[in-house]
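Colleague: Got a structure for you, written out below as structure tokens; questions coming shortly.
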Ligand SMILES: [Zn+2]
Ligand SMILES: [Zn+2]
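In the numbering used here, the protein residues as written are -13 to 324.
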């Protein structure tokens, strides 16, 4: 079978390797869709400090069960599944609470561990999530980023009745806004520089704002029906959006940092202290967030289709990266069809 390996920065090759088998406690997945995430692009370009080459990518994916190893129950041949790719040590106090993202020994499929970038992928069955009948494999491959959004929205407690601002209208920002609304936020506005991405937000019924035109605080308040945001989600990963979040959130409000920073920002900590802002980071999800994401998709609570802008065949994965790197600004979620 073919496996896509990134052997050096921006060098992706296909290797013919022996197909894996489902060992005890494992399943074998015939991979169908792989979503490309911002962190994948980072790693592909050799700009991810925690990843070394060669690298098999793919942590957002879906596929059909090809074989089930001994001792595996509740899963059968033909099931459409996705995988929860974050693996904690399983024994520390954090893992015991289900907070594996906070485990000191956290490992990630498609990061330090090989990802699903192959025609067949074997993985431990206890990280497999069976998707409800009728689920679109494209949606199945987006449960992972949706779980990030679910976790972010829950990070500072109940969102119900609160006014939310999301800075950054990429996949995670868009999903964060959709989830906030679905979970009962009084209103959620998205701030995004890119016209195309703002258009997608609007198409999904979200209020979308363009930053950098002055009077931000006033325009945000107007977008939230006259309210100052109770919570701001920083989904860009930059100094300016972070400081905008700190500036516009109400006194005593919360800022959730979801974006990944390339450079250490100079943050307006004077205001964080003075306004008693709760500042929280969000990396990934719990099992509960993962299952909530599945429910949100099967219940039709969030719409993933409008976020998918491109599909590339497995053999042209490098072209998918090229499209993202040379983006005309009209890309969002790019999928690989295996
Ligand atoms: Zn991802
Ligand atoms: Zn642990």
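By construction, the Cβ of each residue, glycine as well, lies at the ideal position given by its N, Cα and C atoms.
1) According to DSSP, simplified to helix, strand and coil, what is residue 79?
2) Confirm, please, whether the CB-CB distance from residue 134 to residue 95 is below 8 angstroms.
3) Could you tell me the boundaries of the alpha helix (DSSP H) in which residue 308 lies?
4) Do you know offhand how far residue 155's Cα is from residue 177's?
5) By how many angstroms is the C-alpha of residue 182 removed from the C-alpha of residue 324?
6) For ligand 2, I want to know if residue 94 counts as a neighbour, meaning its beta carbon is within less than 7 angstroms of at least one of the ligand's heavy atoms.
7) Evaluate residue 127 with the Cβ neighbour count: other Cβ atoms within 10 Å of its Cβ, from every protein chain shown; 16 or more gives buried, anything less gives exposed.
8) Compare the Cα-Cα distances from residue 15 to each of 66, -1 and 43 and report the closest residue.
9) Taking the straight line between their C-alpha atoms, what separation do you get for residue 289 and residue 228?
10) Closest by CA to residue 248, which one among 25, 282, 310 and 48?
11) Whole angstroms is fine: what's the gap from residue 144's alpha carbon to residue 204's?
12) Work out the CA separation of residue 2 and residue 140 for me, nearest whole Å.
13) Does at least one heavy atom of ligand 2 sit under 7 angstroms from the Cβ of residue 110?
14) Of all the beta strand (DSSP E) runs that stay within the bounds of the segment 58 to 105, which reach a length of 3 or more residues?
15) Quick one: what does DSSP say residue 345 is sitting in, helix, strand or coil?
16) Might you give, ordered along the chain, the residues of its own chain that have their beta carbon closer than 6 angstroms to the beta carbon of residue 189, omitting 5 neighbours on each side?
17) What does DSSP give as the partner residues of residue 15 in its beta bridges?
18) Using 8 angstroms as the threshold, is the C-beta distance between residue 215 and residue 239 below it?
19) Just to confirm, is the Cβ distance from residue 46 to residue 106 under 8 angstroms?
20) Taking the alpha helix (DSSP H) that residue 131 belongs to, which residues open and close that run?
21) Considering only residues of the same chain and omitting the five flanking positions on each side of residue 103, which have a CB-CB separation below 7 angstroms?
22) Apart from the five residues on each side of it in sequence, which residues of its chain come closer than 7 angstroms, Cβ to Cβ, to residue 315?
23) So what's residue 35 in DSSP terms, helix, strand or just coil?
24) Considering only the alpha carbon of each residue, which of 308, 161 and 225 lies closest to residue -2?
Modeller: On the basis of the data shown:
1) When secondary structure is reduced to three states using DSSP, residue 79 falls in the helix class.
2) no
3) 303 to 311
4) Straight across, the Cα-Cα distance linking residue 155 with residue 177 is about 7 angstroms.
5) 27 angstroms
6) Residue 94 Cβ: outside cutoff for every heavy atom of ligand 2.
7) buried
8) 66
9) In this structure, the alpha-carbon of residue 289 lies about 27 angstroms from that of residue 228.
10) 25
11) 25 angstroms
12) 43 angstroms
13) no
14) 66 to 69
15) The question about residue 345 has no answer here: the residues shown for the chain are numbered -13 through 324.
16) The residues 292, in chain order, have a CB closer than 6 angstroms to that of residue 189 in the same chain once the five nearest residues on each side in sequence are set aside.
17) In the DSSP output, where bridge partners are listed per residue, residue 15 has 51 and 107.
18) Contact: yes.
19) In this structure, residue 106 does not lie closer than 8 angstroms to residue 46 by Cβ.
20) 129 to 140
21) Non-local beta-carbon contacts of residue 103 in its own chain, meaning distances under 7 angstroms to residues more than five positions away in sequence, involve -11, -10, 20, 42, 43 and 44 in chain order.
22) Apart from the 5 residues on each side of it in sequence, residue 315 sits with its Cβ closer than 7 angstroms to the Cβ of 180 and 182 in its chain, given in chain order.
23) coil
24) 308
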